[in-house]
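Numbering (numbering that gives the first Met the number 0), first residue to last: 0 to 972.
Heads up, the thing below is written out as structure tokens.
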Amino acid sequence: MAARNQPEKRRLPYFGKSPSSAPDVSPSQGQPLSENIASDTGRSGHGFRGKLVAVKSRLVSFHRGQSSPGGAPIATASDPKDPEPPEAVQNDGTQGPIGQAEPVAVQDLGGGDVDAAQKAFKHIISVQNTGRIAVNVVGRADTAVTSLQNLSDTYLRPLRMFNSIVTTVSNVHPYAQIALGILTAASQLITAQANLDNAVSQLLEKVGSLYAFLSEDGIIKNIDSMRGPLAKIARVISACAQFIKDYSETTNFWRRLGKNIMLETQTTISNYTNILDELMQQYRDCQTWDIQITMHCVLEDLNMEGMAYAGGAGLNTMKKCLENTRTEILKDIITWVNDASPGAPCILWLHGQAGRGKSAIAHTIASWLKDMGALGSCFCFSRDRQGEHREEKMLTTIARDLAGHYPAFRRALAHALAEDHTLKTTPDLLQQWQKLILEPLSKAKGAVVGNVVVVIDAIDESGQDSSRKHILSLLASTEAANLRNLRVLFTSRALPDIEGALGGAKHIKTMCLDDVPAESAQRDLTLFVSKELDNLKDIGTTEIQQIVEKSNGLFEWARLACQFLNPNAFGQTVKERLQSLIAIPSGEGKELLDGMYTAILESAVPKSGEPLRRFCSVMRQLLMMLEPLTMTELNYMRSLFPDEDEHYDVAVVLRFMAPVLRGIGDHTSPIQPLHASFYDFLADHSRNEVYFIDTSNHRDLAYASLQVLRRELCFNICGLESSYLSNSQIPDLPERIKKNISPHLSYSCKFWAKHLEVSQFDLSIAVSVQVIMESERVLFWLEVLSLVGSLGGAEGSLTSLTRWLDGHVGYEVTAVLAVDGLKLVQNFFTATTCSTPHLYLSALPLSPCSSLLARKLVPKFSHLVEVAQGGLKDWPATQLVIQGHTSSVSSVAFSPDGNRIVSGSRDEMVRIWDAKSGDQIGSPLKGHTDHVTSVAFSPDGNRIVSGSWDQTVRVWDAKSGDQIGSPLKGHTS
0 MAARNQPEKR RLPYFGKSPS SAPDVSPSQG QPLSENIASD TGRSGHGFRG
50 KLVAVKSRLV SFHRGQSSPG GAPIATASDP KDPEPPEAVQ NDGTQGPIGQ
100 AEPVAVQDLG GGDVDAAQKA FKHIISVQNT GRIAVNVVGR ADTAVTSLQN
150 LSDTYLRPLR MFNSIVTTVS NVHPYAQIAL GILTAASQLI TAQANLDNAV
200 SQLLEKVGSL YAFLSEDGII KNIDSMRGPL AKIARVISAC AQFIKDYSET
250 TNFWRRLGKN IMLETQTTIS NYTNILDELM QQYRDCQTWD IQITMHCVLE
300 DLNMEGMAYA GGAGLNTMKK CLENTRTEIL KDIITWVNDA SPGAPCILWL
350 HGQAGRGKSA IAHTIASWLK DMGALGSCFC FSRDRQGEHR EEKMLTTIAR
400 DLAGHYPAFR RALAHALAED HTLKTTPDLL QQWQKLILEP LSKAKGAVVG
450 NVVVVIDAID ESGQDSSRKH ILSLLASTEA ANLRNLRVLF TSRALPDIEG
500 ALGGAKHIKT MCLDDVPAES AQRDLTLFVS KELDNLKDIG TTEIQQIVEK
550 SNGLFEWARL ACQFLNPNAF GQTVKERLQS LIAIPSGEGK ELLDGMYTAI
600 LESAVPKSGE PLRRFCSVMR QLLMMLEPLT MTELNYMRSL FPDEDEHYDV
650 AVVLRFMAPV LRGIGDHTSP IQPLHASFYD FLADHSRNEV YFIDTSNHRD
700 LAYASLQVLR RELCFNICGL ESSYLSNSQI PDLPERIKKN ISPHLSYSCK
750 FWAKHLEVSQ FDLSIAVSVQ VIMESERVLF WLEVLSLVGS LGGAEGSLTS
800 LTRWLDGHVG YEVTAVLAVD GLKLVQNFFT ATTCSTPHLY LSALPLSPCS
850 SLLARKLVPK FSHLVEVAQG GLKDWPATQL VIQGHTSSVS SVAFSPDGNR
900 IVSGSRDEMV RIWDAKSGDQ IGSPLKGHTD HVTSVAFSPD GNRIVSGSWD
950 QTVRVWDAKS GDQIGSPLKG HTS
């Protein structure tokens with residue numbers, strides 16, 4: 000008690016420093032960005048030609064005596080700016096006198112220079128020679144414009160010729176097929192451009208000469224053998240087409256940055272020209288060497304702070320197919336990607352049994368597209384990453400990827416976020432889909448080379464059916480069907496919920512790997528097995544054929560078989576292991592994989608005794624982890640398990656698991672399954688009795704996570720100097736986090752409560768919870784979550800804790816503090832997410848003085864602000880204020896699960912809201928023609944019913960917002 004009366008105070012002097020003493024970090028000013036890509040670009044000449052025509056028209060009228068003495072303005076303020084350099088027009092003495100007029104400089108007539116131009120023309124004396132001179136000057140400009148147009152036609156002719164020739168090219172490698180598709184789409188984008196700018200004529204000439212080169216008979220026939228240089232050409236030509244298309248937008252951006260537009264244009268064009276010259280030379284010489292491809296990329300400033308991004312969910316080139324395998328299916332997919340016909344399906348679902356090679360195909364397509372600058376986004380789910388809830392971040396991640404790749408999409412997204420900044424953080428997937436993906440893509444249509452391609456791999460590994468329910472409904476929606484410039488390739492097993500959601504959608508094309516012809520699968524498997532086992536002298540053609548036949552078309556089985564034949568295995572020769580392999584009972588799909596997994600485990604793990612117990616313990620730890628950790632981190636967590644018999648190096652088990660786990664060879668890579676089917680096999684008692692892993696109780700991980708928090712949490716863990724900077728403005732924050740917040744601490748902060756809720760009540764765990772919640776550590780925990788961007792999970796953690804403690808005597812204070820912590824997060828979430836120090840400077844001192852949390856923790860910190868008068872006496876009773884209706888609200892109802900609210904209003908609208916955030920879910924439900932007086936959810940939460948003064952009752956689909964059937968009529972009042 001004495002310690003509580005005289006608490007040790009934690010000082011906060013540095014958090015109060017003024018901005019002048021804080022690090023000098025300013026927000027990004029929208030500089031050009033590059034992805035191995037340097038920036039440079041040009042400026043539009045449409046304005047100059049337009050003004051010349053206007054000048055000519057007025058001067059001709061003046062020359063004919065039709066203008067008034069005052070004259071009309073030559074240009075208006077709305078005219079676009081003239082990028083041409085100043086050109087002096089003076090009297091050379093051969094055209095007769097011009098009175099007292101001074102030489103006239105025809106300057107840039109754009110924007111603010113219009114007034115100067117009008118003043119300059121006031122000096123012209125109204126005599127006929129003056130008009131004739133000006134008409135002659137303008138006439139020469141018109142001739143130049145006509146020449147430019149004729150020249151442009153000359154440049155574009157090779158592009159049109161290429162398009163007609165390329166349709167006759169067949170039987171090429173799918174990699175070359177992608178390149179040809181990009182070249183065709185780029186040529187179509189350029190030729191469709193109504194007005195080609197004279198500033199880019201040099202680039203247009205080079206592009207035309209390249210297409211003419213590719214159209215030569217000897218070159219077109221050699222395309223397949225030179226697909227490497229062809230891919231680089233396609234990437235550069237795509238960038239050139241984008242540059243030409245976006246030229247006016249690019250020059251506007253340069254102008255805002257105060258850059259020399261003519262210099263930037265010339266530098267960019269020279270860069271592209273030199274690269275294309277080198278690539279054409281490579282092609283002529285039939286050689287391939289590395290060329291530094293530096294491409295122009297202007298990305299205007301777009302603040303996406305707070306917009307979730309799933310790190311580590313992208314492309315993995317290590318998963319690609321072996322060269323020259325799966326060519327038929329890859330060709331079919333590339334044909335679909337390149338298909339620009341109006342009726343082409345925009346979504347392709349690639350499905351099949353586990354082990355068929357779906358992910359390998361998806362990553363191959365994504366890798367090839369990335370090589371040529373044509374990949375919009377690649378997003379991958381993973382069974383061992385389910386704790387990250389990637390499904391919640393999928394659409395925002397894809398939107399950010401597309402914004403980084405397509406300037407037109409970026410501008411459209413910036414406009415959407417400027418109109419509604421809440422879109423950055425909304426959990427509403429429908430709003431994300433409509434506002435962050437569909438609408439920007441629709442606005443970018445016609446400004447992108449080819450189709451926008453998004454790859455989504457292993458959606459069946461997202462978790463429970465509910466985790467992907469909304470994503471599947473969005474992909475199957477009519478809105479997705481109407482967006483013609485999008486191609487979505489996604490892979491999964493044919494699970495019932497996925498088949499049910501996608502069945503019957505006409506815009507979804509399906510490919511099943513189970514239907515691949517046996518001879519094609521055997522050919523590819525023979526290539527794969529031959530390459531994997533080419534160093535084993537005991538394995539010849541006969542043995543390879545035995546393995547291929549045994550695999551029954553499953554690439555994962557074949558990979559496991561090759562791993563199983565490792566000559567360094569203990570106690571057996573390669574021949575003996577091959578005999579064991581062939582002895583595995585034949586089966587289909589899952590049964591065959593089960594047999595292989597059983598054989599691998601039987602060769603490494605005894606069926607009883609201490610080795611089996613240790614195997615089960617280590618694999619239980621791996622299966623229960625909600626985020627993979629390295630072997631070093633796994634060992635540290637294990638050293639904190641409550642049972643000391645479990646304190647051993649996990650390597651005693653894991654070093655024998657190389658055929659089924661990755662990351663075994665070093666202590667810096669996370670331990671993960673090579674294929675998700677291995678964890679499924681271990682966790683299913685019906686498939687595996689001896690090596691079955693029970694994951695129903697997470698006691699050990701809950702206990703260890705709480706021990707980490709007790710030992711390692713501390714005040715201002717990353718040494719932040721000032722509260723004046725947001726987290727995103729601290730330039731070295733990622734390095735500070737890496738240095739001061741260990742992976743096991745980050746893991747424990749994010750997931751201790753997840754493990755707690757799958758654990759039975761345990762006194763040792765309850766004591767650890769009590770120590771954390773009744774001390775400053777609860778704030779230190781929230782501090783870490785804020786720094787690593789996971790504060791949104793605190794609410795769920797504290798809610799789980801209150802449920803776990805419910806009904807247990809002696810922990811009432813802990814439960815009250817958990818509720819107070821929940822209120823603090825809810826009320827100060829925005830401030831503490833933006834700037835971590837405000838957890839201490841704002842949230843804690845401004846909490847209600849009557850709250851137990853404030854009474855316990857405020858005395859432990861010095862230099863806090865004090866509320867002299869007023870302030871909160873208790874947490875606000877009002878948890879959320881929802882606004883959106885334009886008239887009074889007459890009826891509201893909660894969904895059965897409490898996660899949504901439906902409201903009806905006199906504005907004739909029905910709206911659905913997220914009960915936690917208050918964000919509107921989807922668009923208003925429209926149909927009633929008078930006041931909506933009553934609303935309710937169905938017991939299963941899938942439908943909404945509404946009644947109105949228009950004398951109708953309407954039923955709505957709660958997910959899509961569509962009206963179900965016709966209005967129910969019959970009421971007369």
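Where is the CB? At the ideal position from N, CA and C, for every residue including glycine.
What you are looking at is a predicted structure, and each value in this text was computed from that prediction instead of being measured.
- Give me whichever residues DSSP pairs with residue 893 in a beta bridge. Partner(s): 900.
- Task: Go through its chain and collect everything with a Cβ distance to residue 226's Cβ below 6 Å, but skip five positions before and after it.
- Result: 172, 174, 175
- Message: Assuming the contact rule is C-beta atoms closer than 8 Å, residue 773 and residue 813 should be a hit. Round their C-beta distance to whole Å, please.
- Response: 6 Å
- Item | Whole-angstrom C-beta distance between residue 387 and residue 626, which should lie under 8 Å | 6 Å
- Query: Run through DSSP, which three-state label would residue 644 get?
  - Reply: helix
- Message: Quick check on residue 584: does DSSP put it in helix, strand or coil?
- Response: coil
- Item | Cα-Cα separation, residue 249 to residue 263 | 10 Å
- Query: Does the Cβ of residue 517 have 16 or more other Cβ atoms within 10 Å, making it buried, or fewer, making it exposed?
  - Reply: So residue 517 counts as exposed.
- Message: Can you list, in chain order, the residues of its chain with a C-beta nearer than 6 Å to that of residue 973? Leave out the 5 residues immediately preceding and following it.
- Response: Shown here, the chain extends from 0 to 972; a query on residue 973 therefore has no answer.
- Message: Under 8 Å, with one C-beta from each stretch per pair, do the segment 627-645 and the segment 340-358 reach the 3-pair mark?
- Response: Under the 8 Å Cβ criterion, the segment 627-645 does not count as touching the segment 340-358, having fewer than three qualifying pairs.
- Can the beta-carbon of residue 756 be found closer than 7 Å to that of residue 799? yes
- Within 6 Å: the Cβ of residue 487 and any heavy atom of the ligand PLP? The ligand PLP is absent from the structure shown, which contains no ligand whatsoever.
- Item | Span of the alpha helix (DSSP H) around residue 335 | 326-337
- Query: Thinking C-alpha only, which one of 829, 712, 860, 372 is nearest residue 181?
  - Reply: 372
- Task: Say whether the segment 731-744 touches the segment 603-618, bearing in mind that this needs 3 or more beta-carbon pairs closer than 8 Å, one atom from each stretch.
- Result: no
- How about residue 346 and residue 448: are their beta carbons less than 7 Å apart? no
- Item | Where residue 489 falls: helix, strand or coil (DSSP) | strand
- Pairwise C-alpha distance: residue 305 and residue 746: Going by C-alpha positions, residue 746 is about 21 Å away from residue 305.
- Task: Leaving out five residues on either side along the sequence, give the residues of the same chain with a beta carbon under 6 Å from the beta carbon of residue 974.
- Result: Since the first and last residues shown for the chain are 0 and 972, residue 974 lies out of range.
- Message: My assumption, with CB atoms under 8 Å, is that residue 399 sits in contact with residue 312. Please give the rounded CB distance.
- Response: No, residue 399 and residue 312 are not in contact; Cβ-Cβ is about 12 Å, not under 8 Å.
- Task: Report the rounded CA-to-CA distance for residue 406 versus residue 412, giving the unit in angstroms.
- Result: The C-alpha of residue 412 is placed about 10 Å away from the C-alpha of residue 406.
- Item | Whole runs of the alpha helix (DSSP H) within the segment 514-568, excluding any shorter than 4 residues | 517-531, 540-550, 554-563
- Rounded straight-line distance, which links the Cα of residue 940 to that of residue 894: 6 Å
- Message: Short of 6 Å in beta carbon distance, which residues of its chain neighbour residue 1001, apart from the five on each side in sequence? Order them along the chain.
- Response: What is shown of the chain runs 0 to 972, which leaves residue 1001 out entirely.
- Item | For residue 443, the first and last residue of its enclosing alpha helix (DSSP H) | 438-443
- Query: Whole-angstrom Cβ separation of residue 364 and residue 454, contact assumed at under 8 Å?
  - Reply: 6 Å
- Near residue 359, what residues of its chain come up, given a Cβ to Cβ distance below 8 Å and the 5 sequence neighbours on each side ignored? 318, 319, 320, 325, 554
- Report the rounded CA-to-CA distance for residue 675 versus residue 825, giving the unit in angstroms. 37 Å
- Query: In three-state terms, what does DSSP make of residue 659?
  - Reply: coil
- Query: Buried or exposed: residue 896, going by 16 or more other Cβ atoms within 10 Å of its Cβ?
  - Reply: exposed
- In terms of residue numbering, what span does the alpha helix (DSSP H) encompassing residue 397 cover? 389-404
- Task: Would you check if the segment 877-892 and the segment 901-908 touch, i.e. whether three or more CB-CB distances between them fall below 8 Å?
- Result: They touch, by the three-pair rule.
- Query: Would you say the segment 264-278 touches the segment 202-217, given that touching needs at least three Cβ pairs under 8 Å?
  - Reply: Look at the beta carbons and you see the segment 264-278 touching the segment 202-217: at least three pairs across the two are nearer than 8 Å.
- Query: Going by Cα to Cα distance, which pick from 426, 457, 415 is closest to residue 439?
  - Reply: 415
- When you compare each of 652, 584, 545, 460 to residue 605 by their alpha carbons, which one comes out closest? 652
- Message: Applying the 10 Å Cβ sphere with the 16-neighbour rule, what's the burial state of residue 655?
- Response: buried
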